[in-house]
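Participant: Right, I'll just put the structure down here and ask away after.
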Amino acid sequence: MAIVSCPSCNKSISDKHKQCPHCDNNVAQLDDEQRQQLAREKRIQKQQMFMNHSFFALIIFLGGFFSLYFLHPEPETPTWYACAAAIGIGCIWYLINRVILVMLKKKK
């Protein structure tokens, strides 16, 4: 008896199980092609999730930048700190997501 991961929910199950106890997916009837298709779909969903996160991070970055550019807040005020924080957080979050996306594409 070995522990394998369910192709649908990716949780650990016994290879003797006919059906996943977590997601109720029938794992006994899946062939290799179906398992590969499920893995491909999960990878695409993960890539889309990180792509959405990177777009959201870019919106935060640009919101902070344009607020700083157009509103001209006085230095050392809460508005100025909020704009600077949005720029910093958005930039770092965007870069991290892009690195993760590149790593996911190389795993193919």
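Take the sequence shown: its position 94, counting from 1, is numbered 82 in this note's numbering, and each next residue is one higher.
All residues carry an ideal CB built from backbone N, CA and C; glycine is no exception.
Here the structure is a predicted model, which is why all the values come from computation and not from measurement.
#1: Taking residue 19 as the reference, give the member of 32, 43, -6 and 10 with the closest Cα.
#2: With DSSP as the reference, label residue -8 as helix, strand or coil.
#3: In angstroms, rounded to a whole number, what distance separates the CA positions of residue 52 and residue 95?
#4: Taking contact to mean 3 or more Cβ pairs, one atom from each stretch, closer than 8 Å, check whether the stretch 78 to 95 and the stretch 33 to 53 are in contact.
#5: Go ahead and pull the three-state DSSP assignment for residue 40.
#6: What is the C-beta distance between residue 6 and residue 14, in whole angstroms, given that I count them as a contact (C-beta under 8 Å)?
#7: Taking a contact to mean a Cβ-Cβ separation below 9 Å, would you say residue 38 touches residue -9 in this structure?
#8: Which word fits residue 82, buried or exposed, when buried means at least 16 other C-beta atoms lie within 10 angstroms of its C-beta?
Facilitator: Taking the structure as given:
#1: Of 32, 43, -6 and 10, the residue nearest in Cα terms is -6.
#2: Here residue -8 carries a strand assignment [DSSP, helix/strand/coil].
#3: Going by the C-alpha atoms only, they are around 34 Å apart.
#4: The stretch 78 to 95, when compared against the stretch 33 to 53, does touch it at the 8 Å Cβ threshold.
#5: The answer is helix: DSSP assigns residue 40 an H, G or I state.
#6: Contact between residue 6 and residue 14 holds: their C-beta atoms lie close to 7 Å from each other, under 8 Å.
#7: Here residue 38 is not near residue -9, since their CB atoms are 9 Å or more apart.
#8: When all chains shown are included, residue 82 counts as buried.
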